[in-house]
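Residue numbers (our numbering), protein chains in the order written: chain E, 29 to 774; chain U, -16 to 416; chain S, 3 to 159.
C-beta atoms are modelled at their ideal positions from N, C-alpha and C, and glycine is treated no differently.
Below is one structure, written out as structure tokens; comments come after it.
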Amino acid sequence: MSDIEIEIDGQLVRANQGDSIINIADREGIEVPRFCYHKKLSVAANCRMCLVDVEGVPKAQPACSTPAANGMKIHTKNDKAKFAQKAVMEFLLINHPLDCPICDQGGECELQDVAMEYGSDVSKFNEGKRIVPDKGIGALIQTDMTRCIHCTRCVRFGAEVAGIVEMGGTGRGEGVKIEPFLTEGIQSELSGNMIDVCPVGALTSKPFRYEARTWQMNAVQSVARHDLVGSNIYTQSYRGKVKRVVARDNDSINETWISDRDRFSYEGLNHESRALKPKVKIDGLWQETDWQEALKFAIDGIKNNANSSEQFGVLSSKYASLEEFYLLQKLARNFGTENIDFRLDQAQLSNASSLESTITLSEIESIDHALIVGSYTRLEQPMINHRIRKATLNGASVNTINSKKFDFNYKTGLDVLTSPQKLRATLQSVLKAIHNKTNKDAPSFLSQVSPEDIHNKIADDLIESKNGVIVLGEHLNSNLDSIAITSLIEQIASAADLKIANITLSGNSLSAEKVGFMPDEKGMSAASMFNESTKAFLLMDVDLEYDFFDSKSAQDCFNQEDVFVVALSSFENQSLLNGADVILPMASYYETSGTHINFDGQAQSFSASVKSPGDSKPGWKIIKVMADLFELEGFDYIDSTQVKEQALQLSRNKSSFKDVDFENFDDSQITTHWQYTPYVTDSVTRRASALQKTNIGMIDSAFVSEATAKKLGIGNDDLYLGVPVSIVDSVAEDYVFVHTNQARKA
Amino acid sequence: MNEVCFKNLDKENPASIATYEANGGYKVWRKILNGGFTPDEIIQELKTSGLRGRGGAGFPTGLKWSFMPRNQEGQKYVVCNSDEGEPGTCHDRDILRYNPHSVIEGMAIAGFVMNATVGYNYIRGEFMEPYYRFEEALKDAYEAGLLGKNLLGSDVSFDLYTHLGAGAYICGEETALLESLEGKKGQPRFKPPFPANVGLFGKPTTINNTETFASVPEILSRGGQWFADLGVENSGGTKCFSVTGSVKNPANFEVPMGTPFSKLLELAGGLKEGRKLKAVIPGGSSTPVLPAETAMNMTMDYDSIANAGSMLGAGSVIVMDDTTCMVKTLTRLAHFYYDESCGQCTPCREGTGWLYRMLQRILDGNGKEEDLDLLLSVGEKIMGNTICALGDAAATPVESFIKHFRDEFEYYIQNGRSMVEEEHNLVEEEASV
Amino acid sequence: MISNEAKKEIDFWVSKYPEGRESSAVMQALTIVQKENGGSLNSELINDVAEYLEMPAISVQEVATFYENYNHKPVGKHVLRFCHNISCMLNGSDELISYLEDKLGVKTGEVSKDGLVSVKKVECLGACVGGPMCQIGDQYHEHLTKDKLDNILENLT
């Protein structure tokens, strides 16, 4: 471990040969000022703020780029070090504006902090200060580049972490400007981290601009719920409203980064469409009422409409908390129904639970190969994609089997284009190739399969990898053949000794699975409830336009006279007003305590950061009261911690996909896949206005090949299901890939 | 005079391969290819010769070459720094124009010693004539079978390419040059790691200046001791000097190290008619200026110039006479460093602009009494705190000009005009009366 | 758009560097497209070069704005790049630059009315023994005097 001994400020310290002085000092709690150094970025040594005195070396040395050697004696605070540090501070300040009173970084500015100790009261600089015009870089990041100190953290972040080189330093000398090439805005899904890494007020949050002073805000530790990672965050609120979300370090989960979705979605909380008061619909007219009346109306309605308990169905989005999922399934089951589901957007549902991941977030970093199937990983699970990218930086190779060639932020090797209907055939071919190459007898359903060259190559890479993973993505959800595909993935993983990363279901799905928020054999899945048999529904955080695979059948069902719908919801929209009979206003993200289970199976709990607005109440409390009103047993909880403890004791069924029927499957039809942009995935994010104005947020195209377009009789810029057509050659045949922020219409 | 790099200068078609070979060129390279020299022997000869890096830093070449991990697997590179740009310096340009094959041979030898099969000569983008000459020479060397793969049937290979710059003084700094060669901004890298370990494209790289490479064949041909004996202790051999400024015949001269400055001045025809020597910058704009008396007593070698308070640098002797306004001259130099700062590290990016602006303000007649001390203090704060030597190079003239000619600066600040020009004008006026 | 001839020239430079290091040719690529475009660059050309060499556009922009020899505004058919550094200054470059400005009726950095000439003050061009000097195209003109300048200007077409 520690192989050398050095001395810092008279203190003997053991260290590793070659470790940087700043690293050692940080570990020992010895403060060395710095601006360009960032523990997760490459060393630049350009700010020179960390200059220290190394005995025997004539010039002061930067602590960040100077490797420690045995016997080194370092002084971080002697006259020589201080002279150098103060000199640098003076240089940094001569052209830095004195607009701290109106700077959003004020109070958390590294320059301000360091200047307190190393700066001088009086400036000797009598020349004109530099002014840098701002070009604007999009909806999320506010630039004030006159404040820039050219540390290049944002530039390095783009090149090294985001994987999209967007910011650069143009010009030279005093005229260097940190800016992107294009002014239309930043493309990265991780761009907001540039705000966090910027030590000064050059890059600040645009939605947060002038909203509050940083020191006035109340910071609460929380967990982001938009994806499978559960990135650790701080919510910062002022006067009861979340004003900003920033990353909280957790090396095994999100390191020090968060996605833009996690960072900027909070804006949706303050959207005008918040449900603030309980509402009931009487004779087709909505009336605001109080909780008591509304709950009575809801309970009576369910009881009256569901002639038997099997006529009652319970549905939730993927984004509820563990506690909410647990209580709601318990309510349903105690009520006597198994009609429970959260997999609203899945095309094919069986009662089996989904494929289990066998790798952790931090393990992904050390894979040597990944095969990505059905996933635009960068936009679906930004932080998981980030780990894959890190693996590629260490030499891992990545192949993909996708219906369209996507813009990954790392190089992919083999890209197999396959439409959803042909995915089964492709995977069978790969599986057969693996069996052929490993001299194993292939199962009988593969007897007619003969792998093509590219499938053999994919198989080679899988077999050769020592630490490979197969990543199954979001596209599986809307694939009508998903069960066969899942089974094939499992078999490929087993045949080639691969880990599995199943990222098909996002949000807090793993909590839903944990507590069995799915029907057993007796119950109905989401898709099958919209027939005549279900007469009463309880919906939790469900958007009738966006959330269902077949939203038309869902809405038609809810809109029927004899179907009674109770909606626990944080927001209202027209489709909900049409379909529901009662709206019970529910607390949203950061307004309630709860638990998220992440990709690693880690249950991370969070408390409420702010009070929910209006009369809205935490979902788990609403469910508990409803259970009481139904006079159901076992709901006498004192607080949500008790709920959580019970919920975590459940363990989900592990199921196998081996006995799948691989007989005939019709793959002759043209299919359409509808993928949402990451900024319409959940009810809150969908209402976050800045995110919608980003390049990612504005994605709205139906990609189709020229041949398929001909068959469909459509051309560029025509509308296909309301989405502008874009004819490209990087998309599978007999297939339309709709990538959009619009609600699903297929 | 003109015994090593400029030895063919007086011949017809000095740059041609025929001239080069007729005068002993490629003799060493052929000997190497025939197995007559080992890398260790070459390094030893270079050490004996006392050859030091001619680009300005003066690092012993033999020692530098011995640092290369030549037995390490994988590609290694030899890079020649022909990005000549230090104000006052233009002898490498003449080596490229009149003796390109010496550079080619020197680089090829380096490739052999370092076990590097690829070399690049980075020529500044404005040097188009030298570039064409060098390309012509490369073509001839390839045709003669002296460059390429398995040369003369040996297992030695060496491919050599030129790379053209595009206008940035900083690319003369070796790591900035490597960045530039990789297609990036020429921003110096911090060290360690040094190019010998992590250089071009991340591979071990030896980088030397044009004159250094050009000296190698002749040294190996005639022996390290012969070269060492040409010069003086600590400064072996000959050195090319550009003598410019207020002299009658500005020109490049290759003279033995240790030649008195006065002799060099004489070679350049002495001062312009009716002028008196006022000051000399002996090694290029980055080296401290020396007053006349000091300069007249020094000899042109590392130690003597250092004792005089300056540096031999790139061998660029800038001569100033009694009509030269030191305020204006320093301002021009300060503008140069301000303009050429790469902008990467704080003290240089911010400090060079500060220095220039203060000086320009003085020159505009708006100087303040405290400006001189502030100039010195800003210089002191830049000095030693930057990634590369450009920071020091910018601060050095400020310090030395004010040190030796403070009265001129004070006069300018108090009167808003140049003491020298005023005196000079007065003299001219009197003369015209 | 980069012409096929320009692409061929760029490919010559690309061939000098190891595989995967094509971006080493970016400086020459910019020089080539600038020449083809009458002496200056624009965002479109920078983007074209980025695409051709498979580099991020901002990285090409960095290079294009770092080095002195790239122009980002239209220039005259001939650019007189006049050295004003120390050795040239000591030999009267300032007077000659003023002379040139007066004669052409332009300031340094501007293009003459007929579009034929622009004058640019540059730092040391490495021909100090020939100062005062200037560069026009590939050519250095040394030991300049007013007469020599007149002569040079007359011959520019």
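Could you round the C-beta distance between residue i and residue j to whole angstroms and report it? I think they count as a contact, below 8 Å.
i, j, result
"residue 196 (chain E)", "residue 60 (chain S)", "4 Å"
"residue 74 (chain U)", "residue 194 (chain U)", "7 Å"
"residue -14 (chain U)", "residue 213 (chain U)", "7 Å"
"residue 497 (chain E)", "residue 527 (chain E)", "4 Å"
"residue 93 (chain E)", "residue 112 (chain E)", "No, residue 93 (chain E) and residue 112 (chain E) are not in contact; Cβ-Cβ is about 14 Å, not under 8 Å."
"residue 125 (chain S)", "residue 323 (chain U)", "6 Å"
"residue 743 (chain E)", "residue 753 (chain E)", "7 Å"
Give the single residue among the options whose Cα lies nearest to the Cα of residue i.
i, options, result
"residue 567 (chain E)", "E:508, E:654, E:763", "E:654"
"residue 734 (chain E)", "E:759, E:720, E:403", "E:759"
"residue 727 (chain E)", "E:140, E:215, E:66", "E:215"
"residue 676 (chain E)", "E:613, E:543, E:454, E:247", "E:543"
"residue 145 (chain E)", "E:175, E:110, E:93, E:125", "E:110"
"residue 7 (chain S)", "S:23, S:19, S:39, S:22", "S:39"
"residue 671 (chain E)", "E:353, E:175, E:251", "E:353"
"residue 410 (chain E)", "E:52, E:342, E:252, E:732", "E:252"
"residue 230 (chain E)", "E:351, E:319, E:329, E:130", "E:130"
"residue 651 (chain E)", "E:387, E:319, E:49", "E:319"
"residue 459 (chain E)", "E:708, E:323, E:525", "E:525"
"residue 314 (chain U)", "U:385, U:175, U:155, U:-8", "U:385"
"residue 103 (chain S)", "S:90, S:88, S:83, S:89", "S:83"
"residue 106 (chain S)", "S:118, S:87, S:95", "S:118"
"residue 56 (chain E)", "E:400, E:583, E:36", "E:36"
"residue 336 (chain E)", "E:367, E:96, E:447, E:174", "E:367"
"residue 548 (chain E)", "E:590, E:618, E:360", "E:360"
Going by DSSP, which residues form a beta bridge with residue i?
i, result
"residue 274 (chain U)", "U:262"
"residue 340 (chain E)", "E:564"
"residue 85 (chain S)", "S:124"
"residue 631 (chain E)", "E:625"
"residue 135 (chain S)", "DSSP lists no partner for residue 135 (chain S)."
"residue 63 (chain U)", "U:104, U:191"
"residue 234 (chain U)", "U:226"
"residue 195 (chain E)", "E:208"
"residue 103 (chain E)", "E:81"
"residue 752 (chain E)", "E:747"
So, at 6 Å on beta carbons, what are the nonlocal neighbours of residue i in its own chain, with the 5 sequence-adjacent residues on each side left out?
i, result
"residue 232 (chain U)", "251, 252"
"residue 635 (chain E)", "621"
"residue 443 (chain E)", "428, 433"
Here's a check: name, in chain order, each residue in its chain whose Cβ is nearer than 8 Å to the Cβ of residue i, leaving out the five neighbours to either side.
i, result
"residue 148 (chain S)", "98, 101"
Below 8 Å between beta carbons: does that hold for residue i and residue j?
i, j, result
"residue 92 (chain S)", "residue 228 (chain U)", "yes"
"residue 19 (chain U)", "residue 88 (chain U)", "no"
"residue 78 (chain E)", "residue 91 (chain E)", "yes"
"residue 710 (chain E)", "residue 254 (chain E)", "yes"
"residue 58 (chain S)", "residue 184 (chain U)", "no"
"residue 178 (chain E)", "residue 206 (chain E)", "yes"
"residue 115 (chain E)", "residue 368 (chain U)", "yes"
"residue 614 (chain E)", "residue 579 (chain E)", "no"
"residue 245 (chain U)", "residue 266 (chain U)", "no"
"residue 156 (chain U)", "residue 202 (chain E)", "no"
"residue 344 (chain U)", "residue 336 (chain U)", "no"
Quick one: what's got a C-beta closer than 7 Å to residue i's C-beta in the same chain, skipping five residues either side?
i, result
"residue 397 (chain U)", "none"
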